[in-house]
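Here the structure is laid out as structure tokens; the discussion comes afterwards.
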Amino acid sequence: MTNYGSTAYLDNAATSPTPPEVIKALEQYYEQQKVNVHRGMYQLSAQVTQQYESVRVQVAHFIKAASEQEIIFTAGATAALNLVAFGYGLSHLQAGDEILVSVLEHHSNLVPWQQLARLTGAKLRFIGINVAGNLDQAQLFSLLNSHTKIVSLTLLSNVLGNYLEIAKIAPRVHAVGAILVVDAAQAVAHLPIAVQQLQADFLAFSGHKMFGPTGVGVLYGRAALLRQMQPTSFGGEMIEQVNYQGATFLPAPQKFEAGTPNIAGVLGLGAAISYLEQIGFAKIKQQEQLLMQQLLTGLLEIGGIQVYGSQRPEDHIGVVSFNLDTIHAHDVATILDTFGVAVRAGHQCAQPLMRTLGVESVVRASLAFTNQKQDIQRLLQAILAVKEILS
Ligand SMILES: Cc1ncc(COP(=O)(O)O)c(C=O)c1O
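The opening residue of the sequence shown carries number 145 in the numbering used here; numbering runs sequentially from there.
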């Protein structure tokens, strides 16, 4: 496991540590198997291609997709969401159409839609939240209409740590003929995901937030929609036939994977999924809830702390954001660092949400089941010290 030395690492929502199983998969590829996939006529290439493709099957099982043909390997959640926006959105939206997102969204699930709206003349509309951070469902339902073409929502907020009841919303989204895109970048390390149960049309996540390597991620897309989606990147590996003037493309998922893929990353992602499945989400949830209980009750016991979103530990999955008195979040995090505690401070890639919360920045502590009680204890003690130093 990544060794953070004496640091209490509480920035797991930014990226999670890497377990030995994943490091071993990367090492094995680079030390013994460094060949390309899909093109070698020799045994080692065939073997690595088979390993690479078996991760696609593994991902399909992991998120309960109907088929591995619905799994596209990308560079991460951001790349996956951009692929939907420009591969699907550009050819399906026109002026007057509407895209719905919530005020909770990470910039990766917002800026691509802003760009798509600009290019097509579509309108971007926002769903608000209540004080606990939950979507204003009444507003969502009132915004849905025959012009709504895409609704894109996070499954788990990277700032407030709350889970969105996507499966309850989905039928209403589909009833107006819109598609539902789910940003599962934060959810994937904490909860089992079942795309068909969620009724997601597309779902995106990154490997590095679920104990896998950086630079690899997944876009799930419903087969019928992938047939209609256009590639946004062109070159080797994705073509069927090429002549001087043009080319035909392979079916999905290959048509969306131009060029040599992140082979090591995909193999590492497979190892990360095996790691998570071996531990099991029931155990992960149990450990995370114990830590969250300790963290949130501890924070609320310290006077002068404003916790954003719900005040109940059971409503937070992995993430708590807060501010301490009127002290700037950057100052808090910088001093916490001197006590060996790593948290994130700033707008958390969610500037519109900061505006909704009426702040410029927050301190975010994010945990994984790999954290220990001592990590939380260190944070709480260090916060008391920050208070003393700055007051
Ligand atoms: C909710 C959410 N969506 C999308 C992303 C983007 O993930 P990546 O930077 O791995 O592409 C993040 C990363 O923090 C996130 O928290």
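Backbone N, C-alpha and C define an ideal beta-carbon position, used for all residues, glycine too.
According to DSSP, residue pairing for residue 218 in a beta bridge involves 361. When the five nearest sequence neighbours on each side are left out, the beta carbons in the same chain lying within less than 6 Å of the beta carbon of residue 165 are those of 415 and 419, in order along the chain. When beta bridges are read from the DSSP output, residue 488 appears opposite 508. DSSP places residue 206 inside the alpha helix (DSSP H), whose first and last residues are 187–206. Judged by pairs of C-beta atoms under 8 Å, the segment 264–275 does not touch the segment 223–231, as fewer than three such pairs exist. Note on the segment 226–314: whole beta strand (DSSP E) runs with a minimum of 3 residues are 242–246, 267–271 and 292–298, in chain order.
Relative to ligand 1, even the nearest heavy atom lies 7 Å or more away from the CB of residue 477.
The C-alpha of residue 188 is placed about 16 Å away from the C-alpha of residue 171.
Residue 325 has 296 and 346 as its beta-bridge partners, per DSSP. The Cβ neighbour count for residue 361, taken over all protein chains shown within 10 Å, is at least 16; the residue is labelled buried.
Inter-residue distance for residue 439 and residue 153 is about 14 Å (C-alpha atoms, whole angstroms).
In summary, residue 174 is exposed, with fewer than 16 beta-carbon neighbours lying within 10 Å of its beta-carbon over all protein chains present. Within the same chain, 453, 460, 461, 462, 463 and 464 come within 7 Å of residue 305 by CB-CB distance, once the 5 residues on both sides are set aside. Taking 8 Å as the cut-off, the Cβ atoms of residue 324 and residue 348 do not count as close. In the structure shown, the three-state DSSP call for residue 532 is helix. With fewer than 16 other CB atoms across the displayed protein chains lying within 10 angstroms of its CB, residue 378 is exposed. Residue pairing by DSSP places residue 465 opposite 508 in a beta bridge.
Per DSSP, residue 478 lies in no beta strand (DSSP E) segment; the continuous alpha helix (DSSP H) that holds it begins and ends at 473–482.
Within the model, the alpha-carbon separation for residue 248 versus residue 299 is close to 10 Å. With a cutoff of 7 Å, residue 278 does not count as near ligand 1, since its C-beta is closer than that to no heavy atom of the ligand. With contacts defined as CB atoms closer than 8 Å, residue 332 and residue 354 qualify as a contacting pair.
In the DSSP assignment, residue 425 falls within the unbroken alpha helix (DSSP H) covering 425–445.
The criterion of a C-beta distance shorter than 8 Å is not satisfied by residue 409 and residue 375.
Straight-line spacing of the CA atoms in residue 500 and residue 507 works out to 16 Å. Distances taken from the Cβ of residue 376 to the heavy atoms of ligand 1 include none shorter than 7 Å.
For residue 386, the enclosing beta strand (DSSP E) has its first and last residue at 383–386. Annotation for residue 396: 213, 214, 216, 365, 367, 370, 371 and 373 place their beta carbon closer than 8 Å to its own, counting only its chain and skipping 5 residues before and after. Set against 7 Å, the gap from the CB of residue 220 to the closest heavy atom of ligand 1 is smaller. By the Cβ neighbour-count rule, residue 386 is exposed, with fewer than 16 other Cβ atoms within 10 Å of its own. Here the alpha carbon of residue 228 sits roughly 37 Å from the alpha carbon of residue 478.
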